[in-house]
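Numbering (my numbering), first residue to last: 9 to 287. Where is the CB? At the ideal position from N, CA and C, for every residue including glycine. Working notes, structure below.
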């Protein structure tokens, strides 16, 4: 007679024979999973160095080791590194389609001018690939106050246009008065000044990207960057402290989705302006 329970229920390996195999699932972007240990639920935003980053519906991000401990629709799965995608067009950080094997073009005479080093680094990180394809160079002014001096020294022309990105371009601000004066002046036709409404380019990085609810409010009379560093508990006494704070903020920017729309549209507008055929 057959033994319906098997010959030896205590034999080695009985647990493994009884357990169902856990399916392996590639951690593709936007895949929604639940962490079995604490119930945290989020979509995959990044896989790197043996870890997976999940973002919940409130924009909070957490890192977890790849492997077991995840659920999909209540069932256990093991997350694995997704296979490299060979099909489909790759996109740049700005969302544009990447041009394969494209070398940087010889720089156009036209330029995009930004107020400072941090602005230039942010534009380079998100739009750098696009700018190299177009042959556009980004230079920084060390302040919009110096724009008149540059225009006098190197006047723009139809073939050498300047697109200028400034901070805090709101009605009544110093920046808006400078922009209006340039537009009325002899160089206005070949200069386009646009800007975002934030006090500093740091604020163009979304709170969601930084894992915070909102940027702190800094009282008038307090240096804005110093106030931000204090609010976050970061060192703030030297220029090097400020630089490290910015590098931390910049490290949270991976694509255009990590930037405020008020900046995105303005940069695209400047790229179109300086690359349009001379007419």
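{"query": "On the DSSP letters alone, give me the boundaries of the beta strand (DSSP E) that residue 69 sits inside.", "result": "69-73"}
{"query": "Shortest alpha-carbon distance to residue 131 belongs to which of 212, 33, 228, 47?", "result": "212"}
{"query": "How many angstroms separate the CA atom of residue 145 from the CA atom of residue 48?", "result": "44 Å"}
{"query": "Could you round the C-beta distance between residue 74 and residue 88 to whole angstroms and report it? I think they count as a contact, below 8 Å.", "result": "6 Å"}
{"query": "In whole angstroms, what separates the C-alpha of residue 120 from that of residue 161?", "result": "16 Å"}
{"query": "Have a look at the DSSP bridge pairing and note the partners of residue 170.", "result": "119, 199"}
{"query": "With C-beta atoms as the reference, is residue 261 less than 9 Å away from residue 134?", "result": "yes"}
{"query": "Given this structure, state the Cα-to-Cα distance separating residue 136 from residue 178, to the nearest angstrom.", "result": "27 Å"}
{"query": "Rounded to whole angstroms, what's the CA-CA distance from residue 79 to residue 206? Just pull it up for me.", "result": "41 Å"}
{"query": "DSSP state of residue 34, grouped into three classes?", "result": "strand"}
{"query": "Our contact map puts residue 155 next to residue 190 with C-beta atoms below 8 Å; I'd like the distance itself, whole angstroms only.", "result": "7 Å"}
{"query": "Who does residue 181 pair with in a DSSP beta bridge?", "result": "None, per the DSSP bridge assignment."}
{"query": "Whole angstroms is fine: what's the gap from residue 184's alpha carbon to residue 259's?", "result": "30 Å"}
{"query": "If you check the beta carbons only, do residue 41 and residue 71 fall under 9 Å apart?", "result": "no"}
{"query": "Could you check where the alpha helix (DSSP H) with residue 87 kicks off and where it finishes?", "result": "Not the alpha helix (DSSP H): residue 87 falls in the beta strand (DSSP E), residues 83-88."}
{"query": "If you draw a straight line from the alpha carbon of residue 86 to that of residue 57, how long is it in whole angstroms?", "result": "16 Å"}
{"query": "Identify the continuous alpha helix (DSSP H) that holds residue 247 and give its terminal residues.", "result": "247-259"}
{"query": "Ordered along the chain, which non-local residues of its own chain (more than five positions away) have a Cβ less than 8 Å from that of residue 112?", "result": "Note that residue 112 scores 47 on pLDDT, short of 50, meaning its location in the model is unreliable; the coordinates nonetheless yield the value given after this. For residue 112, where only same-chain residues beyond five positions count, the Cβ hits under 8 Å are 140, 141, 143."}
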